[in-house]
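Chemist: Heads up: the sequence shown is residues 28 to 124, going by this note's numbering. All C-beta atoms, glycine included, are put in the ideal place defined by N, C-alpha and C. Can you keep this structure in mind? I'll have questions shortly.
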Amino acid sequence: MTDDGRRDGQPGGEAGVVTGAASSRLTDAEAAVLAYEGRSWPGPGAKERAIREGLGLSPVRYYQLLNTLMDDPRALAHAPTTVNRLRRLREAQRARR
Numbered sequence: 028m029t030d031d032g033r034r035d036g037q038p039g040g041e042a043g044v045v046t047g048a049a050s051s052r053l054t055d056a057e058a059a060v061l062a063y064e065g066r067s068w069p070g071p072g073a074k075e076r077a078i079r080e081g082l083g084l085s086p087v088r089y090y091q092l093l094n095t096l097m098d099d100p101r102a103l104a105h106a107p108t109t110v111n112r113l114r115r116l117r118e119a120q121r122a123r124r
């Protein structure tokens, strides 16, 4: 495995240029977390149930991953509307404290 987390022989960034982890794609699990967060839910119970059943994650682990993704440039490139909305909500919460 290389320093940027790729297995030897895997393509890197654009035109084969490796610029680090920021140029790699999201994992399927990371993309799924962003997709779930981009959906609307009838209530928190339905979302938590879908997280457990659909992703196989506890809600706590889901939100841990989501918080990490909020600061990941790959997530911003993948789902800018969702990530920017989450960042605005986070900043509003911080401002209230």
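Who are the near neighbours of residue 117 in its chain, counting only those whose CB is closer than 7 Å to its CB and skipping five residues on each side?
Modeler: Start at 1 with the first residue of the sequence shown, and residue 117 comes out as number 90. Result list for residue 117: 97, in chain order.
Chemist: Using the rule of at least 16 other Cβ atoms within 10 Å of the residue's Cβ for burial, across every protein chain shown, is residue 57 buried or exposed?
Modeler: As a working note, residue 57 is residue 30 in the sequence shown. By the Cβ-count criterion, residue 57 is buried, with 16 or more other Cβ atoms from all chains shown falling within 10 Å of its own Cβ.
Chemist: Quick check on the DSSP output: the alpha helix (DSSP H) that includes residue 118 runs from which residue to which?
Modeler: Sequence index remark: in the sequence shown, residue 118 carries index 91 (1-based). 107-123 is the span of the alpha helix (DSSP H), which, as asked, contains residue 118.
Chemist: Along the chain, where does the alpha helix (DSSP H) that runs through residue 84 open and close?
Modeler: Locating residue 84 in the sequence shown gives position 57, where the first residue counts as 1. Element bounds for residue 84: n/a, residue is neither H nor E.
Chemist: Determine whether the Cβ of residue 82 lies closer than 9 Å to any Cβ atom of chain D.
Modeler: Note that chain D does not occur in the displayed structure, where there is just one protein chain.
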